[in-house]
Amino acid sequence: MKLRKKLLMGIVILALINIPGGIVKGANENIIEIEDGENIINGKRWFYKDGEILTGLQTHNEKTAFYLDGGGVAKEWKEIDGKQYYFLVNGSTIQGIHIIKDIPYGFNKDGSLAISEVTPEYVTDENGIAQLGWQSVEGNDYYFFNDGIKAIGIQEIDGVTYAFNEDSTLAKLKTTTEYVTNENGIVQLGWQTVGDNTYYFSSDLSKATGIQEIDGQQYGFNEDGSLARNQSIGIYQLDENGIVKLGWQIVDGKKYYFTDEGLINDGIHTINEVKYGFKDGTLVTNGHVGIYKTDIEGKITGKLPVDRENFQTHIIDKLDTFGWNENGVYEAIRYKYKYKNISSQGDTIDNAIYLINNGKTSCYGYAALAYHMWLAMGYDARYIVGTGRLGGEHAWIAVKLPEGWSYYDTMYMATPYTKSQLVNMGYKWNIEF
Numbered sequence: 003m004k005l006r007k008k009l010l011m012g013i014v015i016l017a018l019i020n021i022p023g024g025i026v027k028g029a030n031e032n033i034i035e036i037e038d039g040e041n042i043i044n045g046k047r048w049f050y051k052d053g054e055i056l057t058g059l060q061t062h063n064e065k066t067a068f069y070l071d072g073g074g075v076a077k078e079w080k081e082i083d084g085k086q087y088y089f090l091v092n093g094s095t096i097q098g099i100h101i102i103k104d105i106p107y108g109f110n111k112d113g114s115l116a117i118s119e120v121t122p123e124y125v126t127d128e129n130g131i132a133q134l135g136w137q138s139v140e141g142n143d144y145y146f147f148n149d150g151i152k153a154i155g156i157q158e159i160d161g162v163t164y165a166f167n168e169d170s171t172l173a174k175l176k177t178t179t180e181y182v183t184n185e186n187g188i189v190q191l192g193w194q195t196v197g198d199n200t201y202y203f204s205s206d207l208s209k210a211t212g213i214q215e216i217d218g219q220q221y222g223f224n225e226d227g228s229l230a231r232n233q234s235i236g237i238y239q240l241d242e243n244g245i246v247k248l249g250w251q252i253v254d255g256k257k258y259y260f261t262d263e264g265l266i267n268d269g270i271h272t273i274n275e276v277k278y279g280f281k282d283g284t285l286v287t288n289g290h291v292g293i294y295k296t297d298i299e300g301k302i303t304g305k306l307p308v309d310r311e312n313f314q315t316h317i318i319d320k321l322d323t324f325g326w327n328e329n330g331v332y333e334a335i336r337y338k339y340k341y342k343n344i345s346s347q348g349d350t351i352d353n354a355i356y357l358i359n360n361g362k363t364s365c366y367g368y369a370a371l372a373y374h375m376w377l378a379m380g381y382d383a384r385y386i387v388g389t390g391r392l393g394g395e396h397a398w399i400a401v402k403l404p405e406g407w408s409y410y411d412t413m414y415m416a417t418p419y420t421k422s423q424l425v426n427m428g429y430k431w432n433i434e435f
């Protein structure tokens with residue numbers, strides 16, 4: 003229980019006389035409780051113990067201040083018993099490193115300025131100024147930043163990455179699962195062995211996890227960063243060196259193919275001069291990938307017949323095969339397709355489908371396929387049915403190029419005609435655009 007003393011302090015209405023530590027005589031008396039430690043009376047700070055006022059250095063509740071005669075506390079620099087102290091605005095002393103007017107000073111635990119001292123907390127010169135940068139104390143190396151804070155953990159100093167222990171000592175020749183250092187405390191990158199495990203540290207000090215390409219080779223790592231050997235990570239099979247196995251691999255009954263660039267994904271891929279179909283990285287057997295059919299071994303055996311559902315996919319395939327340009331359109335139309343004098347099969351899609359599936363058609367099919375290929379390339383196009391150069395019904399197309407509308411009759415040539423050229427050859431049509 004705290005020791006308390008009750009002092010009678012009189013408040014005289016006409017003339018107040020207040021004597022800290024004594025008794026105030028007067029008519030109207032108030033009782034003020036004084037506790038051990040600091041008390042504020044009439045705006046001044048006083049230190050009491052057992053009812054008596056004490057001055058000088060006093061410590062209470064782990065706080066030290068210098069109490070002046072007449073009340074109040076010392077501030078800033080003050081010499082006491084031959085030692086220098088620095089008191090903050092609140093009157094308390096300082097411990098450790100403190101910046102005063104842009105200069106770092108070191109202070110002992112009792113608040114006195116540390117003169118020419120070498121400790122793990124600071125290194126000071128004859129003026130008590132803390133030495134920054136690299137400092138050696140009792141065989142251990144420390145690094146002090148400009149604010150006096152000691153380096154801890156991973157720190158980049160002058161472009162070099164170092165590791166420091168929790169007590170701020172430089173971590174030399176230390177091997178952990180988080181970092182590995184050499185004899186100078188410099189963090190080592192790349193492949194590192196820790197115990198029975200191998201890790202790979204990147205330039206940002208992160209550990210490799212999952213499937214990673216390192217020096218042109220695919221490796222697999224566990225979630226903790228350790229190299230995975232003779233096991234699988236997802237669909238990736240790893241050998242005794244943690245390297246991803248290449249070629250055909252069967253995982254959970256599904257077949258995959260791995261190259262030195264990674265997993266073969268969707269689409270048609272040629273392996274050993276044979277085309278195979280893949281979907282979501284898995285070999286597709288007895289099915290189809292896009293418009294291509296696969297057999298029991300996943301090999302491409304041909305294309306699916308064209309219908310209205312897969313029509314656009316066939317158009318894209320034509321462009322991929324023959325080229326996304328004017329000549330590609332002409333080559334796709336003239337490729338193995340023969341002329342047959344037949345009437346229109348319906349709309350433009352019907353005519354193009356008939357041509358692709360049957361390999362022969364009349365002008366309607368030629369014009370329809372060209373029309374849809376130009377549309378797929380992003381051009382504005384028109385399908386025209388009018389009178390041709392022979393005087394009968396004929397189909398051709400118009401395409402809006404940057405220089406204006408041009409006319410294509412792919413039954414005859416790849417390059418376009420002008421409107422006047424067609425008119426001079428006897429073409430007639432009623433569409434205006």
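Under the numbering used here, think of the first position of the sequence shown as 3, with each following residue one higher. Ideal Cβ placement from N, Cα and C applies to all residues, glycine included. Note that the structure is predicted; figures quoted are calculated from it, not measured.
Q: Determine, using beta carbons only, whether H396 comes closer than 8 Å to chain D.
A: No chain D is part of this structure, which consists of one protein chain only.
Q | Buried versus exposed call for F223 [16 or more other C-beta atoms within 10 Å across all chains shown] | A | buried
Q: Could you say which of I355, T66, F89 lies nearest to K77 if we only look at CA atoms?
A: F89
Q.
Can you tell me where the alpha helix (DSSP H) holding F324 begins and where it ends?
A. Run containing F324: 313-324, per the alpha helix (DSSP H) assignment.
Q. If you draw a straight line from the C-alpha of I213 to the C-alpha of I235, how long is it?
A. In a straight line, the C-alpha of I213 is about 8 Å away from that of I235.
Q | For L306 and I293, believed in contact at Cβ under 8 Å, the rounded distance | A | 5 Å
Q | Rounded straight-line distance, which links the Cα of G130 to that of G45 | A | G45 and G130 have their alpha carbons spaced roughly 34 Å apart.
Q) According to the neighbour-count rule (16 or more other Cβ atoms, all chains shown, within 10 Å of its Cβ), is D319 buried or exposed? A) Under a 10 Å Cβ-count criterion, D319 is classified as buried, with 16 or more other Cβ atoms of the shown protein chains found around its own Cβ.
Q. Along the chain, where does the alpha helix (DSSP H) that runs through V421 open and close?
A. The sequence given here places Lys at residue 421; Val does not occur at that position. Element bounds for K421: 421-426.
Q) Considering only residues of the same chain and omitting the five flanking positions on each side of I433, which have a CB-CB separation below 6 Å? A) I386
Q.
Using the three-state DSSP reduction, which class does L377 fall into: helix, strand or coil?
A. Under the three-state reduction of DSSP, L377 is assigned to helix.
Q. Apart from the five residues on each side of it in sequence, which residues of its chain come closer than 7 Å, Cβ to Cβ, to L377?
A. A383
Q) Looking only at C-alpha atoms, which of A132, T211, I302 sits nearest to D104? A) A132
Q) Looking at the structure shown, is L306 part of a helix, part of a strand, or coil, going by DSSP? A) If DSSP states are grouped into helix, strand and coil, L306 belongs with coil.
Q: In angstroms with no decimal places, state the Cα-to-Cα distance between D127 and V120.
A: 9 Å
Q) Which partner residues of D143 appear in the DSSP bridge assignment? A) In the DSSP secondary-structure assignment, D143 is bridged to S138.
Q) Quick one: what's T183 bridged to in DSSP? A) V189
Q: Can you give me the Cβ contacts of E328 inside the same chain, cut-off strictly under 7 Å, excluding the 5 residues immediately before and after it?
A: Within the same chain, Cβ atoms closer than 7 Å to the Cβ of E328 are found at A416, the five residues on either side in sequence being excluded.
**Q.** the segment 187-194 / the segment 162-169 touching (three or more Cβ pairs under 8 Å)
**A.** Cβ pair count under 8 Å is three or more, so yes.
Q: Check Y356 in the structure and name its three-state DSSP category.
A: helix
Q. So, is E64 buried or exposed, given that buried needs 16 or more other C-beta atoms within 10 angstroms?
A. exposed
Q | Beta-ladder partner(s) of A132, from DSSP | A | T126
Q: Spatial neighbours of F49 within its chain, please: CB distance less than 6 Å, with the 5 preceding and 5 following residues excluded, ordered by chain position.
A: E40, L56, Q60, Y69
Q. Just how far apart, CA to CA, sit I101 and G150?
A. Approximately 8 Å, taken between the alpha carbons.
Q. What's the C-alpha gap between H396 and S345?
A. 10 Å
Q) Given D309, which residues of its chain have a CB within under 8 Å of its CB, disregarding the five upstream and five downstream residues? A) Excluding sequence neighbours, D309 sits near I355.
Q.
For the alpha helix (DSSP H) containing I335, name the first residue and the last one.
A. 328-336
Q | Through-space distance from D268 to S422, alpha-carbon basis | A | Cα atoms of S422 and D268: separation of roughly 48 Å, rounded to the nearest angstrom.
Q. Mind checking whether G369 and W398 have CB atoms under 8 Å apart?
A. Residue identity differs from the one stated: residue 369 is Ala in this sequence, not Gly. Yes, these two residues count as a Cβ contact at 8 Å.
Q: Pull up the distance between the alpha-carbon of K342 and that of I302, whole angstroms please.
A: 30 Å
Q. Quick one: Cα of L115 to Cα of Y107, how far?
A. Inter-residue distance for L115 and Y107 is about 7 Å (C-alpha atoms, whole angstroms).
Q | A67 - DSSP class collapsed to helix/strand/coil | A | strand
Q | Pair within 8 Å by beta-carbon distance, T95 and G113 | A | yes
Q: Pull up the distance between the alpha-carbon of E333 and that of F324, whole angstroms please.
A: Rounded to the nearest whole angstrom, the CA to CA distance from E333 to F324 is 6 Å.
Q: Report yes if the C-beta distance between Y144 and P122 is below 8 Å; otherwise report no.
A: yes
Q) So Y202 is in the beta strand (DSSP E); what residue range does that whole segment cover? A) 199-203
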